Every structure is written in structure tokens, then in C-alpha cells.
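Asks:
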Amino acid sequence: MTGSIIVLGTAQDGGNPQLGSDGRGRPRLVSSIAVVMEDGTTLAVDVTPDVKAQVAHLSTLAAYRSRTARNAVDHIALTHGHMGHYAGLVQFGKEAHNADAIPAWVSPAMAGFLGAHQPWRALIDGGHLDIRPGFGPVELAPGLRIRLVPVPHRAEFTDTVGVSINDEVLFIPDIDSWDAWPAAEEEVGRHRVSLLDATFHGLDEVPGRDLTEIPHPLVGATLERFGHLAVDRRIILTHLNHSNPAGEPDSAASGAVRAAGFEVAEDFMTIRLGE
Numbered sequence: 003m004t005g006s007i008i009v010l011g012t013a014q015d016g017g018n019p020q021l022g023s024d025g026r027g028r029p030r031l032v033s034s035i036a037v038v039m040e041d042g043t044t045l046a047v048d049v050t051p052d053v054k055a056q057v058a059h060l061s062t063l064a065a066y067r068s069r070t071a072r073n074a075v076d077h078i079a080l081t082h083g084h085m086g087h088y089a090g091l092v093q094f095g096k097e098a099h100n101a102d103a104i105p106a107w108v109s110p111a112m113a114g115f116l117g118a119h120q121p122w123r124a125l126i127d128g129g130h131l132d133i134r135p136g137f138g139p140v141e142l143a144p145g146l147r148i149r150l151v152p153v154p155h156r157a158e159f160t161d162t163v164g165v166s167i168n169d170e171v172l173f174i175p176d177i178d179s180w181d182a183w184p185a186a187e188e189e190v191g192r193h194r195v196s197l198l199d200a201t202f203h204g205l206d207e208v209p210g211r212d213l214t215e216i217p218h219p220l221v222g223a224t225l226e227r228f229g230h231l232a233v234d235r236r237i238i239l240t241h242l243n244h245s246n247p248a249g250e251p252d253s254a255a256s257g258a259v260r261a262a263g264f265e266v267a268e269d270f271m272t273i274r275l276g277e
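Each residue of the sequence shown is one higher than the one before, starting from 3 at the first, in the numbering used here.
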């Protein structure tokens with residue numbers, strides 16, 4: 003059975019426009035992807051504050067509309083415990099969607115965090131989420147297998163993982179640096195498509211903020227590190243901060259990304275599995 007990756011959002015946790023910003027720039031929903039199989043089985047990777055708009059987009063897809071399950075998605079995988087990646091879980095509780103035991107595939111540390119703190123604990127106790135800790139690999143449906151890939155990132159609340167789908171598509175929206183991850187070359191190299199953290203373009207792009215305190219690999223570092231792999235693989239930059247000029251299609255920064263053989267992710271772009 004085949005399926006598609008749907009890029010549901012491409013912005014850093016605050017989205018674009020971000021609260022308090024001037025509102026200029028290309029609108030983007032918060033970073034997330036979904037896998038929709040041809041029978042309608044749906045996996046959401048990260049559940050963002052924009053989850054309602056993101057699921058509304060899924061409902062425009064024929065494969066998604068063919069599903070008979072009551073839950074909005076059949077599976078969830080979470081990368082970590084920073085706001086933009088799990089805050090939308092509240093929509094699955096009894097005050098809203100009232101989901102029925104959606105399997106949520108998470109690291110053991112993320113499972114511990116959700117189980118120890120409200121309102122997330124209420125989602126578990128109320129039977130809305132069925133927490134499945136571990137790194138896999140695990141088969142979610144025929145033709146759909148995931149593996150959680152530990153990566154180094156600020157661990158105020160939980161650890162951080164990327165998500166590998168069928169060892170074909172790799173999703174890493176957050177990482178401190180590529181040099182801090184010994185498996186970077188191997189993991190990106192083994193995947194046909196990688197969606198990688200491109201939060202910031204330069205350290206001076208957010209006035210009044212010391213970006214070394216919220217580390218992410220700069221766009222230039224990613225182009226340099228994986229340029230040789232982009233020759234025969236798709237490497238797509240995602241999780242863009244509202245300040246990142248690479249997020250503007252007509253900018254010099256975006257042009258440099260394309261010239262290097264990379265892509266900038268766009269909301270609702272589709273990647274077919276198995277191609």
C-alpha cells in the first residue's frame with residue numbers, strides 16, 4: 003500500500019505571522035507533516051497550535067475523505083516538548099474532539115513528561131491518547147513504518163527525536179547543530195527525502211534576541227554540510243522562523259537555497275511515498 007506525505011506547516015513554533023510581529027512575510031502554519039495512506043490511514047507527526055486548520059486541509063484529500071474512523075487521525079508521533087510541536091493535543095480532549103485512544107508514538111522521556119503534567123495527563127486518563135513509548139521501528143499499517151531518531155536539542159522538558167518514515171522520508175524540525183549529531187551524515191544519506199531544521203538564516207535576524215541561547219543550525223551550515231547529498235536526494239528546509247528571509251520565495255536567501263540544490267518547504271506540499 004502506498005501513500006503521501008502532506009507538509010501541514012513549515013513555520014517555527016510561533017507560526018508566521020508570529021504574535022507581536024509586523025505581520026509581513028509569507029503566511030505559514032506551524033511545522034508538522036502527515037502521512038495519508040491510500041486507504042485513508044493517517045499519521046500526524048507533531049500536533050501544533052494550528053491543528054484545526056491542518057486537519058481541515060487533510061479533509062480536502064480524497065484518500066483522507068475515504069476513511070471511516072471517527073478520530074481525526076489514526077496515529078500521532080511527537081518529536082519533542084517545545085510548544086509548537088505538541089500544544090495542539092488539547093484539541094483532542096473532551097472539551098473538543100473527544101478522541102478515542104489515539105496511539106501516540108513518543109520517546110520514553112516525552113511519555114514521562116505527558117504523564118506527569120496537566121492538561122496532558124487528562125488526555126491520557128480520559129482515554130483520548132494511548133501513549134506508546136519507544137523508538138521503534140514499528141509498523142503502523144501495511145506499508146507505513148516509523149522509527150524515532152534521537153537528535154541533540156535543548157532538553158528543558160523532554161528529549162528530541164526526528165521521525166523516519168519507511169526509511170525513505172526523514173523529518174527533523176529541531177536540532178541544535180549538525181556537528182553535535184554524529185549520525186547526521188548517515189541518517190540524511192539513507193533517506194530519499196529529508197525535511198530539515200532551517201529555523202534561522204543568520205544570528206542577527208531577530209533584534210534583541212541572542213540566538214545562541216536557542217541554537218539551531220543556520221541555513222548556510224545546512225547547505226554546506228549536506229550539499230554533496232543534495233545531488234541525488236531531496237533535502238527540504240522547514241521550520242522557518244518568521245524572520246528567516248529564506249522563507250520568502252523571491253529573496254536572495256531563497257534563491258541561494260535553490261541554487262545549492264535544496265528546496266524550501268511550502269505549506270501543503272505533497273511528497274509521494276515509494277517514488
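We treat Cβ as the ideally placed atom computed from N, Cα and C, and that holds for glycine.
Nothing here was measured: the structure is a model prediction, and the numbers come from that model.
Given a threshold of 16 other Cβ atoms within 10 Å of its Cβ, counted over all protein chains shown, does A232 qualify as buried or as exposed?
Replies: Flag for A232 reads buried.
Asks: Would you list, in sequence order, the uninterrupted beta strand (DSSP E) runs of no fewer than 3 residues that lie entirely inside the stretch 151 to 222?
Replies: Qualifying beta strand (DSSP E) stretches, in chain order: 162 to 167, 171 to 174 and 195 to 199.
Asks: Just to confirm my understanding: we take V221, look at its own chain, exclude 5 residues before and 5 after, and list those with CB closer than 6 Å. What are they?
Replies: Taken in chain order, the residues that qualify are A200, H203 and A248.
Asks: Check T281 in the structure and name its three-state DSSP category.
Replies: Residue 281 lies beyond the range of the chain shown here (3 to 277); nothing can be said about it.
Asks: Do three or more CB pairs link the stretch 52 to 61 to the stretch 128 to 135 at distances below 8 Å?
Replies: Counting Cβ pairs under 8 Å, fewer than three are found: no touch.
Asks: If distances are taken between C-alpha atoms only, which option among A255, E250, A254 and V266 comes closest to P19?
Replies: The candidate whose alpha carbon is nearest that of P19 is E250.
Asks: To test your reading of the DSSP string, which unbroken alpha helix (DSSP H) runs of 4 or more residues are found completely within the stretch 18 to 73?
Replies: Listed in chain order, they are 53 to 60 and 64 to 67.
Asks: What's the C-alpha gap between D252 and G25?
Replies: The straight-line gap from Cα to Cα measures roughly 18 Å.
Asks: Assign G11 to one of three DSSP states: helix, strand, or coil.
Replies: Three-state result, G11: strand.
Asks: What residues in its chain sit with their C-beta under 8 Å from that of V190, if we drop five residues either side in the sequence?
Replies: Excluding residues within five positions, the ones whose Cβ falls inside 8 Å are L172, S196, L198, F228, L231, R235 and I237.
Asks: When you compare the CB positions of T240 and A267, do they come within less than 8 Å of one another, or not?
Replies: Taking 8 Å as the Cβ cut-off, T240 and A267 qualify as a contacting pair.
Asks: Which class does P251 belong to by DSSP, given the choice of helix, strand or coil?
Replies: Looking at P251 - three-state DSSP - the assignment turns out to be coil, as it is neither helix nor strand.
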